[in-house]
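*Asks:* Heads up: the sequence shown is residues 3 to 148, going by this note's numbering.
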Amino acid sequence: GAVEVKAPLLLLKNSIHDKVENRVQLMDTSGSLLTLPYDLRVPFARFLARSDISHLKRYCLGQVYRHEKMHDAHPREPWECAFDIVTNGPNSLIPDAEVIYLVNEVIAEFPPLQVSPSACPWSDTCHLHCRHFLIVLLECRLFCVH
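Right under this line is the structure:
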């Protein structure tokens with residue numbers, strides 16, 4: 003059981019945002035630059051850094067914002083889904099196994115995800131952000147690089 007945790011919408015601009023070309027920036031009434039979330043990871047990481055949380059399973063469904071160079075008036079608002087497991091024990095593979103299990107359940111629940119990537123009519127992707135998880139996949143030869 004994961005809980006839904008949404009991070010704050012507005013973020014003060016900092017150097018991490020400089021690397022993202024199509025970020026959406028706003029100026030508040032005091033002249034401070036703010037950014038809307040480009041993804042769901044950075045706001046959650048900032049939330050964790052300011053809290054005293056050491057164990058958490060969270061999910062979040064939310065819109066992120068991308069500046070489109072062709073249409074300056076309104077940002078593009080795609081939806082993202084995030085699932086994070088926060089632990090203070092770096093040597094356990096249990097959270098990695100849980101992510102594999104969760105991805106398997108999501109794929110089983112949504113038949114369009116069960117087709118091969120080359121036959122998939124849309125270009126959505128699944129990003130796994132865990133160095134240890136990728137190492138395990140590479141060592142087990144479960145991951146095929148083309």
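Ideal placement from N, C-alpha and C gives every residue a C-beta, glycine not left out.
Since this is a predicted model, take the numbers as computed values, not measurements.
#1: Give the DSSP bridge partners of alanine 84, in chain order.
#2: Given a cut-off of 8 Å, decide if arginine 43 and alanine 84 are closer than it, judged by their beta-carbon atoms.
#3: Spatial neighbours of serine 56 within its chain, please: C-beta separation below 8 Å, excluding the five flanking residues on both sides.
#4: Could you check how far apart the C-beta atoms of tyrosine 61 and proline 77 are, in whole angstroms? I think they sit under 8 Å.
#5: Check whether the segment 7-24 and the segment 33-47 are in contact - that is, three or more C-beta pairs closer than 8 Å.
#6: Based on Cα-Cα distance, which residue from Asp30, Leu38, Ser32, Thr31 lies nearest to valine 22?
#7: If you measure between the beta carbons of tryptophan 81 and leucine 95, is that distance less than 8 Å?
#8: With 16 as the cutoff for other CB atoms within 10 Å, does aspartate 86 come out buried or exposed?
*Replies:* The answer reads as follows:
#1: Your numbering for residue 84 matches position 82 in the sequence shown. Answer is Cys62, bridged to alanine 84.
#2: Within the sequence shown, residue 84 is the residue found at index 82, counting from 1. Within the sequence shown, residue 43 is the residue found at index 41, counting from 1. In this structure, alanine 84 places its C-beta atom within 8 Å of the C-beta atom of arginine 43.
#3: The residue labelled residue 56 in the question sits at position 54 within the sequence shown. Closer than 8 Å at Cβ, skipping near neighbours: Val88, Thr89, Asn90.
#4: Here the question's residue 61 lines up with position 59 in the sequence shown. Here the question's residue 77 lines up with position 75 in the sequence shown. In this structure tyrosine 61 does not touch proline 77 by the C-beta definition: roughly 24 Å separates them, more than the 8 Å allowed.
#5: Contact between the segment 7-24 and the segment 33-47 is present, with at least three C-beta pairs closer than 8 Å.
#6: Translated into positions along the sequence shown, residue 22 becomes position 20. Checked all of Asp30, Leu38, Ser32, Thr31; the closest Cα to valine 22 is Leu38.
#7: Mapped onto the sequence shown, residue 81 falls at position 79. Mapped onto the sequence shown, residue 95 falls at position 93. Not closer than 8 Å, so no.
#8: Your numbering for residue 86 matches position 84 in the sequence shown. So aspartate 86 counts as buried.
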